[in-house]
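What follows is one structure encoded as structure tokens, with my remarks underneath.
Chains as they are written, first to last, in this note's numbering: chain A, 432 to 682; chain B, -8 to 100.
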């Protein structure tokens, strides 16, 4: 990452970084069916941003700079209730933690690229693109067209999100509040959450987290939220540990 | 919040995106994550999303409302079942909003 290593490291092998038209097209084709859903999800977040009181420039800045729908939706009620900035950061960070796993899976494929490229690729790699990429390239070995395939997935995904989101921002200011369109954001979060609840420990953790967040909703600075995440997470881990132990004894 | 505070929040949120999405691309090509930390990473996001959604569905004016008069709760449960059956986000949002709007306008409960 430093200048020294940047200078001393060999240039990227051309076969990974080189543009490879068929792979780019294939990535685009694989990702296309998801673009409509991504655009709709962007639309929902765009509307929610404006409905929660952000101005149009603020909402545009948020969608272009942050580019993380669930973290944005999580932050909006916290902004509206004047929560401290560190609580907002902590909440968004926790919601984003799933990306750490994705980036750990994806990054080794492109270790040879210059750091600026790696930074940008990581920044725009959302939930679905990672899964689709790993389906096609399970091995980390360098292959022709890998980068082009990834770009074919990532860039249209980014574009669909931004188009939907910007449409939502301008649409949101024209739709009356009584329609309750903010509720669409809640429904969207449910749809993002359910696939993450794989297995019994995760289910228990989610139920406990929901219960604690309701019971602790009165705590100042939205600390109930962070408390709920912590208790839910520990519940999941304890149950997984318990299941492991039980298997060792009885399996 | 003042305008500059919102922009500060936006900056901080962008930092949260970079820290989680780009960190491994920059540093940890072959760092293996310990099992315990992996568990935390796996469970935390679902818990966080549940903690955001639950009060939204259950609380009305700061009090828990656990009957059919809570339209958001009813619609949220129905939408969850719909998503489990169809596994499609877009359809679920449209269906959930339509269901919620119908309840709101028809005053069934």
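Yeah, the Cβ is synthetic: ideal placement off N, Cα and C, and Gly gets one too. Note that this is a predicted model, so its numbers are computed, not measured.
Check                                                                                                                                                                                          : Outcome
Using beta carbons (cut-off 8 Å, strictly below), is residue 12/B in contact with chain A?                                                                                                     : yes
I think residue 458/A touches residue 581/A, with their Cβ atoms under 8 Å apart; what is that distance to the nearest whole Å?                                                                : 7 Å
Which two residues bound the contiguous alpha helix (DSSP H) that contains residue 455/A?                                                                                                      : 452 to 482
Here's a check: name, in chain order, each residue in its chain whose Cβ is nearer than 6 Å to the Cβ of residue 405/A, leaving out the five neighbours to either side.                        : With chain A running from 432 to 682 in the structure shown, residue 405/A is simply not present.
Nearest-angstrom Cα distance between residue 618/A and residue 83/B?                                                                                                                           : 8 Å
Within 10 angstroms of the Cβ of residue 540/A, are there 16 or more other Cβ atoms? Answer buried if so, exposed if not.                                                                      : buried
With the cut-off set at 8 Å, would you say residue 538/A and residue 15/B are in Cβ contact?                                                                                                   : yes
How close, in whole Å, do the beta carbons of residue 627/A and residue 36/B come, if the pair is a contact with beta carbons under 8 Å?                                                       : 6 Å
Does residue 33/B have its Cβ less than 8 Å from a Cβ in chain A?                                                                                                                              : yes
Listing by chain order, which chain B residues have their CB less than 8 Å from the CB of residue 599/A?                                                                                       : Near residue 599/A there are no residues of chain B at all, since even the closest Cβ is about 12 Å away, more than 8 Å.
Mind checking whether residue 64/B and residue 531/A have CB atoms under 8 Å apart?                                                                                                            : no
Quick check: is the beta carbon of residue -2/B nearer than 8 Å to any beta carbon in chain A?                                                                                                 : yes
Given residue 502/A, which residues of its chain have a CB within under 6 Å of its CB, disregarding the five upstream and five downstream residues?                                            : 523, 526, 527
Apart from the five residues just before and just after residue 437/A, which ones in its own chain have a Cβ nearer than 8 Å to its Cβ?                                                        : Legend: pLDDT at residue 437/A = 48, less than 50; position of this residue unreliable, no value from coordinates given.
From the DSSP output, in three-state form, read off residue 513/A for me.                                                                                                                      : coil
Would you tell me roughly how many angstroms separate the C-alpha atoms of residue 603/A and residue 500/A, rounded to the nearest one?                                                        : 16 Å
Give every residue of the same chain whose Cβ lies closer than 6 Å to the Cβ of residue 655/A, excluding the five residues on either side of it in the sequence, and list them in chain order. : 644, 647, 648
For the ligand GDP, I want to know if residue 572/A counts as a neighbour, meaning its beta carbon is within less than 7 Å of at least one of the ligand's heavy atoms.                        : Only the bare structure without any ligand can be found here, which leaves the ligand GDP out of the picture.
Any beta-carbon of chain B closer than 8 Å to the one on residue 623/A?                                                                                                                        : yes
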